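Taking it in order: structure first as structure tokens, then the write-up.
In this note's numbering, the protein residues as written are 719 to 1096.
What follows is the structure, given as structure tokens:
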């Protein structure tokens, strides 16, 4: 009798262990899947979902299926906070990925921190985001790094001695503008005018006219892709001629070309990823992405793709526990991703070793700005 009881108990334990082993592991996606920044969110979603497919095709994480749960923050800090809270409250969600706009991510990051839910930000670049706490990581970069890179693009590649600035009034743009102005000053480049506009603006005639009338060598736009697309179309109609127009990495979006069309031609910018590598890992990723989504991936897709693979490694190493995943991210050796080798500074939890590639839009396509890249490498 005792033998049968022991066997029954053992069978029950094995069944329970098997059920636990088979239980899905969830990662929450926090991104603007609707609203004005939806192109960012869709790119993030595309990259993350492709990574999840690959991870599951290879057996999942420790035999458990990885599930990506979509959360639409609509680009709003209030909605982002609500989305993050829903994930914090779900014990099956072990981590968050995404964070496309800085403004919205200032809503989700504190909630994730309070809930001790690891959050890997793949796009939002405001330098204060990871300061929310020790559960907030980022595999993108910050304005503190992008500002100097843009300064070199202006002074070294364009040889500009003066720049007019037009920027959006939000958390990301204000921080980006501040860092860019510091870089200009250190490179001896004067600011001839600084004009701003509010979110939701559709008429940029006045700010463009003031920027142009200051007679700058170039004009830089601290704009997200949706605003910049309209700005470029209005600049084309206003006859800006040969004045070089410059954007930031946030302009490297499929949405910019879709809306701006021919007006985007000649725009200078830079990015942390561009599909020009002959690395077999990169070319294989490019083929898979094109086959699935019928378009080239951009920076945002790549960041999310790498971010999901990084989280998968951390989830396994952290034994599917939130605190264990956080420690695994801190301890992680450089992950060889599509966007390069990625590891995290143990103090700041920021990605190490990010390098910008200069781009120019030609024939309504993003292309490597080879002349600039050559100058920067000297």
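Glycine included, every Cβ here is placed at the ideal spot set by N, Cα and C.
Predicted model only: the values in this text are computed from it and were never measured.
On the criterion of 16 or more Cβ atoms from any shown chain inside 10 Å, does residue 1047 qualify as buried, or is it exposed? Per the 10 Å Cβ criterion, buried.
Sort 1058, 836, 1034 by Cα distance to residue 1017 and report the nearest one. Checking every option, the nearest Cα to that of residue 1017 belongs to 1058.
Specify, as a first and last residue, the run of the beta strand (DSSP E) that residue 684 falls within. Within the shown structure, residues of the chain are numbered from 719 to 1096, placing residue 684 beyond reach of any answer.
Given a threshold of 16 other Cβ atoms within 10 Å of its Cβ, counted over all protein chains shown, does residue 1009 qualify as buried or as exposed? Residue 1009 comes out exposed.
Return the bridge partner residues of residue 912 from the DSSP annotation. Beta-bridge pairing links residue 912 to 883.
Identify, in the order they occur along the chain, each residue of the same chain with its Cβ nearer than 8 angstroms to the Cβ of residue 739, setting aside the five sequence neighbours on each side. Its pLDDT being 46, under 50, residue 739 is placed unreliably by the model, and nothing is read from it.
Which partner residues of residue 746 appear in the DSSP bridge assignment? Paired residue(s): 787, 814.
Relative to the C-alpha of residue 979, which residue among 1084, 830, 916 is closest? Nearest of 1084, 830, 916 to residue 979, Cα basis: 1084.
Measuring only the C-alpha atoms, how far is residue 894 from residue 904? Each residue's alpha carbon lies about 16 angstroms from the other.
Which residues in the same chain have their Cβ closer than 6 angstroms to the Cβ of residue 773, if we skip the five residues on either side of it in sequence? Excluding sequence neighbours, residue 773 sits near 784, 1030.
Below 8 angstroms on the Cβ atoms is my guess for residue 881 versus residue 842; work out the distance and round it to an integer in Å. With 8 angstroms as the limit, residue 881 and residue 842 do not qualify as a contact, their Cβ atoms being about 25 angstroms apart.
Quick check on residue 956: buried or exposed, where buried means 16 or more other Cβ atoms within 10 Å of its Cβ? Residue 956 comes out exposed.
Own chain partners of residue 910 with C-beta closer than 6 angstroms, once the 5 adjacent residues on each side are dropped: Once the five neighbours on either side are set aside, the close Cβ partners of residue 910 are 880, 882, 932, 934.
When the Cα of residue 768 is compared with those of 1060, 990, 1051, 1007, which residue comes out closest? Of the listed residues, the one whose Cα sits closest to residue 768 is 1007.
Could you compute how far the alpha carbon of residue 1042 sits from the alpha carbon of residue 918? Cα to Cα, residue 1042 sits roughly 42 angstroms from residue 918.
Out of 857, 890, 1045, 770, state which residue places its alpha-carbon closest to the alpha-carbon of residue 865. Taking the Cα of residue 865 as reference, the smallest distance to any Cα among 857, 890, 1045, 770 is reached at 890.
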